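Engineer:
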Amino acid sequence: MKKIVTRTLVSCAALAVVGGALIAPTLATERSQTASAAPAVTTLSATAVSDAAKPAALDEAGAKTLALETAGLTADQVSWIWAKRDYDDGRLEYEVEFLSGDWKYEVEVDAASGTVRSYDQDRKGRGYTQSGTDIGAEAAQTAALTHAGVKAADTLFMETEVDVDDGLRVYEVDFFAGSREYDYKIDAATGAVLSFDYDIEWYAPAAGGEDLLTETQVKQIVERTAGTTGVYTKFQLEHDDGRLLYEGELRSGRMEYEFEIDAATGAILDWDADRD
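Per this note's numbering, the sequence shown starts with residue 39, numbered consecutively.
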């Protein structure tokens with residue numbers, strides 16, 4: 039299915055570093071299993087936790103407890119829970135998974151600091167019929183921001199696209215705020231939050247408030263690197279791990295060039311040249 043993409047760049051007023059902030063989601067009331075019923079939008083609230091409240095080092099039991107607290111649940115509200123130790127970029131962490139009602143949770147906790155580095159909540163058992171109405175991209179963005187407790191003015195960028203997931207029309211809303219990158223799936227008919235996650239990204243905007251490169255400037259970089267001109271079959275502003283970049287494809291004769299270029303500095307992040 040062809041995706042319809044809507045992209046909105048929101049100016050960043052100021053990025054506040056969220057040191058030990060944890061997102062504690064509150065589950066919505068279980069939806070009625072009827073042909074027309076849909077899950078209600080849940081509310082995500084941010085609760086600051088002082089460094090003193092965090093354990094110096096976590097064991098498996100402590101990681102499970104912290105993961106449950108982040109989800110706003112207690113042990114008697116989950117049907118199963120497990121954790122395993124893993125390493126990511128040389129850091130020891132616990133990957134904790136558990137199930138509660140229609141929701142499955144995946145939480146990654148830094149074993150040394152007790153920081154929640156990644157949080158994922160996905161609704162299961164979507165056994166209901168979706169109506170033909172469509173809330174629109176703007177309403178989907180509002181639903182995601184409200185759930186995350188983030189103001190539009192505090193986001194660096196936002197991307198929205200409509201897709202089909204498990205037979206349901208959904209809006210996929212991605213945005214960056216504070217030190218977190220958020221990904222949401224919103225029911226296109228009702229505005230219900232079907233899944234969401236966030237990851238801590240150590241992104242910092244360009245010093246001195248540098249403007250992004252223009253499309254013309256980026257194409258000049260591409261053509262100078264390729265040593266040729268041609269037709270751009272793809273060219274768009276994207277983000278990856280909190281970084282804005284231009285992604286595209288240039289076709290010249292039998293050669294095809296794929297590229298990713300830092301939108302602030304012009305650095306070539308990825309380059310691939312293939313002949314048909």
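Virtual Cβ for every residue (Gly too), placed ideally from N, Cα, C. Since we're looking at a predicted model, the values are computed, not measured.
#1: Cα separation between THR167 and VAL256?
#2: Pick helix, strand or coil for LYS162, following the three-state DSSP scheme.
#3: Let me know if VAL260 comes out buried or exposed under the rule of 16 or more other beta-carbons within 10 Å of its beta-carbon.
#4: Just to confirm the assignment, what range does the beta strand (DSSP E) spanning THR271 have?
#5: When DSSP builds the beta bridges, which residues end up paired with GLY286?
#6: How many whole angstroms separate the CB atoms of VAL211 and GLN179, which I take to be in contact at a CB cut-off of 8 Å?
#7: So for ILE259, helix, strand or coil by DSSP?
#8: With DSSP collapsed to three states, give me the class of LEU307.
#9: In three-state terms, what does DSSP make of LYS122?
#10: Within 10 angstroms of the Cβ of ALA149, are there 16 or more other Cβ atoms? Answer buried if so, exposed if not.
#11: Answer with buried or exposed for THR112, where buried requires no fewer than 16 other C-beta atoms within 10 angstroms of its C-beta.
#12: Quick one: is ALA301 buried, meaning 16 or more other Cβ sit within 10 Å of its Cβ, or exposed?
#13: Using the beta-carbon count (16 or more within 10 Å), is GLY187 buried or exposed?
#14: Whose C-beta lies closer than 6 Å to the C-beta of ALA215 among residues of the same chain, with five residues either side of it excluded?
#15: Just checking, does the segment 221-228 make contact with the segment 268-286 on the three C-beta pairs under 8 Å criterion?
Structural biologist: Straight from the coordinates:
#1: As a first step, residue 167 must be located in the sequence shown, where it is residue number 129. As a first step, residue 256 must be located in the sequence shown, where it is residue number 218. Cα-Cα distance, rounded: 45 Å.
#2: Residue mapping note: residue 162 aligns to position 124 of the sequence shown, counting from 1. Here LYS162 sits in coil by DSSP.
#3: Looking up residue 260 in the sequence shown gives position 222. Under this definition VAL260 is a buried residue.
#4: Here residue 271 refers to the residue found at position 233 when the sequence shown is read from its first residue. Segment 269-278, the beta strand (DSSP E) holding THR271.
#5: Translated into the one-based positions of the sequence shown, residue 286 becomes position 248. Answer is PHE273, PHE297.
#6: Indexing the sequence shown from 1 puts residue 211 at position 173. Indexing the sequence shown from 1 puts residue 179 at position 141. The pair is a contact, with the Cβ atoms about 6 Å apart (cut-off 8 Å).
#7: As a first step, residue 259 is located in the sequence shown; it is residue number 221 there, counting from the start. ILE259: helix per DSSP, three-state reduction.
#8: Residue 307 sits at position 269 when you count from the first residue of the sequence shown. DSSP places LEU307 in strand when its eight states are reduced to three.
#9: Here residue 122 corresponds to residue number 84 of the sequence shown, with the count starting at 1. The answer is strand: DSSP assigns LYS122 an E or B state.
#10: Indexing the sequence shown from 1 puts residue 149 at position 111. Result: buried.
#11: For the purposes of this step, residue 112 is identified with residue 74 of the sequence shown, where counting begins at 1. By the 10 Å Cβ count, THR112 comes out exposed.
#12: Translated into the one-based positions of the sequence shown, residue 301 becomes position 263. The residue is buried, with at least 16 neighbouring Cβ atoms inside 10 Å.
#13: Translated into the one-based positions of the sequence shown, residue 187 becomes position 149. Exposed, by the Cβ-count rule.
#14: Residue numbering aside, residue 215 sits at position 177 when the sequence shown is read from its first letter. Taken in chain order, the residues that qualify are VAL188, ASP192, THR193.
#15: At 8 Å Cβ cutoff, the stretches do not touch.
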